[in-house]
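**Q** From first to last, the protein sequence lines are chains U and P.
Here the working numbering is used: the first residue of the first sequence is 120, the next is one more, and so on.
Here the working numbering is used: the first residue of the second sequence is 296, the next is one more, and so on.
The structure is given below, and queries will be raised subsequently.
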Amino acid sequence: RKEVEQDPGPFNVPEGATVAFNCTYSNSASQSFFWYRQDCRKEPKLLMSVYSSGNEDGRFTAQLNRASQYISLLIRDSKLSDSATYLCVARVNNNAGNMLTFGGGTRLMVKP
Amino acid sequence: SQTIHQWPATLVQPVGSPLSLECTVEGTSNPNLYWYRQAAGRGLQLLFYSVGIGQISSEVPQNLSASRPQDRQFILSSKKLLLSDSGFYLCAWSHLGARANEQYFGPGTRLTVT
Chain U
120 RKEVEQDPGP FNVPEGATVA FNCTYSNSAS QSFFWYRQDC RKEPKLLMSV YSSGNEDGRF
180 TAQLNRASQY ISLLIRDSKL SDSATYLCVA RVNNNAGNML TFGGGTRLMV KP
Chain P
296 SQTIHQWPAT LVQPVGSPLS LECTVEGTSN PNLYWYRQAA GRGLQLLFYS VGIGQISSEV
356 PQNLSASRPQ DRQFILSSKK LLLSDSGFYL CAWSHLGARA NEQYFGPGTR LTVT
């Protein structure tokens, strides 16, 4: 079983739609969580951290459910520019202080 | 502000040839440094990480090696490339210690082994 699992998609949605991605993690010792965005043939870029109380950044809302060990990302009013692969990431503290485990990514395609 | 550089951007190498990829970070001191590989259509795999000069930890046994000759320089090497070494190689940095949370990636090197 993968440590961080995501539905690979693709999610094909029209402009203006609301879309939600879920992600599950298996290591209960995971302490921090993030969503990264990766455009085709580019490096991943940090989209947002995920806080226990949930957090919002403009059209993006991230939620964490520790009891069920899942993280979600909600995108409202989708734009064409939101088309990308979204990577769910969990962090476990260890001797290196910062080991991130990446999910395989969920691909989003926003259509006009 | 911090920036991270990688070169070359793309590379085509024959099987059995050596490899050297370089990564440098500017605008920060004592960063944690990481090398990842992303095979086509797959997730990121952590290859090496370093918490300081000369300190390298390997996550996956392979024919690759890493070195950190300076605080903000991280090098990925191979003596003899295999076809399976093809992929997108990403260097990343994070703050050391208690601030070590998010990681920030360089632009990557796309390696094709032929």
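C-beta: ideal position from N, C-alpha, C; glycine also.
Every value quoted in this text rests on a predicted model; they were computed, and no experiment measured them.
Tell me the start and end of each unbroken beta strand (DSSP E) in the segment 306-368 of chain P that is at least 3 residues and wholly inside, in chain order.
**A** Runs found: 314-321, 327-333, 339-347, 350-353 and 359-365.
**Q** To be precise: take each residue of the segment 149-164 of chain U, compare its Cβ to all Cβ atoms of chain P, and keep it if any distance is under 8 Å. Which residues remain?
**A** Listed by position, the residues of the segment 149-164 of chain U near chain P (Cβ gap below 8 Å) are S151, F153, R160, K161, E162, P163 and K164.
**Q** V208 of chain U and T220 of chain U: beta carbons closer than 8 Å?
**A** Taking the first residue of the first sequence as 1, we reach residue 208 of chain U at position 89. Taking the first residue of the first sequence as 1, we reach residue 220 of chain U at position 101. Going by C-beta atoms, V208 of chain U is nearer than 8 Å to T220 of chain U.
**Q** How should G135 of chain U be labelled, buried or exposed, when 16 other C-beta atoms within 10 angstroms of its C-beta is the threshold for buried?
**A** Here the question's residue 135 of chain U lines up with position 16 in the first sequence. Looking at its Cβ environment, which holds fewer than 16 other Cβ atoms inside 10 Å, G135 of chain U is exposed.
**Q** Whose Cβ in chain U lies nearer than 7 Å to the Cβ of P402 of chain P?
**A** Walking along the second sequence from the start, residue 402 of chain P turns up at place 107. Ordered by position in chain U, the residues that pass the 7 Å Cβ test against P402 of chain P are E162.
**Q** Just to confirm, are A181 of chain U and V169 of chain U a CB contact at a threshold of 8 Å?
**A** The residue labelled residue 181 of chain U in the question sits at position 62 within the first sequence. The residue labelled residue 169 of chain U in the question sits at position 50 within the first sequence. Cβ atoms of A181 of chain U and V169 of chain U: closer than 8 Å.
**Q** Return the residue from the list P:H390, P:L391 and P:L376 that minimises the CA-CA distance to S315 of chain P.
**A** Start at 1 with the first residue of the second sequence, and residue 315 of chain P comes out as number 20. When each option's Cα is compared against that of S315 of chain P, the closest is P:L376.
**Q** Can you check the segment 135-210 of chain U for any beta strand (DSSP E) of at least 3 residues that lies completely inside it and give the ranges in chain order?
**A** Taking only runs of at least 3 residues, the beta strand (DSSP E) segments lying wholly in the segment 135-210 of chain U are 138-144, 151-157, 163-169, 174-176, 179-184 and 189-194.
**Q** Quick check on S200 of chain U: buried or exposed, where buried means 16 or more other Cβ atoms within 10 Å of its Cβ?
**A** Taking the first sequence and counting its residues from 1, the one referred to as residue 200 of chain U is at position 81. Flag for S200 of chain U reads exposed.
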